[in-house]
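Just so we're aligned, residue 0 is where the sequence shown starts under numbering that gives the first Met the number 0, counting upward by one. Ideal Cβ positions, reconstructed from N, Cα and C, are used throughout, including at glycine. What follows is a short report on a single structure.
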Amino acid sequence: MVRPLRIFVLADTHNKLPQKIVDLAGQADEIWHLGDVCAEIILDELRATGRPVTIVRGNCDTNSDWPLVVDLTRDGLRLRLQHIPPDRVPEDIDVVLHGHTHDPRNEKRNGVLFLNPGCVTRPNRGAAASVAWLEIIDEKINWQLVAVR
Numbered sequence: 000m001v002r003p004l005r006i007f008v009l010a011d012t013h014n015k016l017p018q019k020i021v022d023l024a025g026q027a028d029e030i031w032h033l034g035d036v037c038a039e040i041i042l043d044e045l046r047a048t049g050r051p052v053t054i055v056r057g058n059c060d061t062n063s064d065w066p067l068v069v070d071l072t073r074d075g076l077r078l079r080l081q082h083i084p085p086d087r088v089p090e091d092i093d094v095v096l097h098g099h100t101h102d103p104r105n106e107k108r109n110g111v112l113f114l115n116p117g118c119v120t121r122p123n124r125g126a127a128a129s130v131a132w133l134e135i136i137d138e139k140i141n142w143q144l145v146a147v148r
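Now the structure itself:
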């Protein structure tokens, strides 16, 4: 039996990373941070888990070496990581993962799945602080929000 690829997804840490989140991230195959890291020490803590970390630059990040957009392929799925969600639905992507709104999202638009793990530090619209697990197996996705208390 094939084991799913488990990706820990977080966004909008804004200089804060509770130990509970670091502990969760250590259980992942990969870690994706969707921007607004702010303090680079946050990435050092995530990298210390020994898992590969992929980062995109948010509007509050000052490191211009970080990309604004990262396109990846996992198990046949075309994924785009970016901080600010695109205005138009991309034609060559299956899944867009974004942050910025501080509000969790799981919505399909014109055949493209838009996912947002919510915000670690300052959730919006009454949402709880959250991160997410993205599991991919056989070109299928399982998306699970995790409340951070």
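- Ranked by Cα distance from Thr53, the first of Val1, Leu96, Ala146, Lys107 is Leu96.
- Under the three-state reduction of DSSP output, Glu90 falls in the coil class, being neither helix nor strand.
- If only uninterrupted alpha helix (DSSP H) runs of at least 4 residues are considered, those enclosed by the region 4-31 are 18-24.
- In this structure, Thr120 sits away from Asp43, with a CB-CB distance that is not shorter than 8 angstroms.
- The beta carbon of Asp74 lies closer than 8 angstroms to those of Leu4, Ile135, Ile136, Asp137, Glu138 in the same chain, with the five residues before and after it left out.
- Straight-line spacing of the CA atoms in Cys37 and Asn58 works out to 9 angstroms.
- The C-beta distance from Gly117 to Leu33 rounds to 10 angstroms, too long to fall under 8 angstroms, and the pair is not in contact.
- Going by DSSP, Arg104 is part of the beta strand (DSSP E) stretching over 104-108.
- Shown here, Arg50 sits in coil according to DSSP, grouped into three states, outside any helix or strand.
- Bridge partners of Ile140 according to DSSP: Ile135.
- Residue pairing by DSSP places Asp70 opposite Arg79 in a beta bridge.
- Put simply, the region 79-89 touches the region 98-113. At least three CB pairs are less than 8 angstroms apart.
- In the structure shown, the three-state DSSP call for Leu33 is coil.
- For Asn115, the uninterrupted beta strand (DSSP E) segment begins and ends at 111-115.
- Taking a C-beta distance under 8 angstroms as the contact criterion, Leu71 and Val55 do not qualify as a contact pair.
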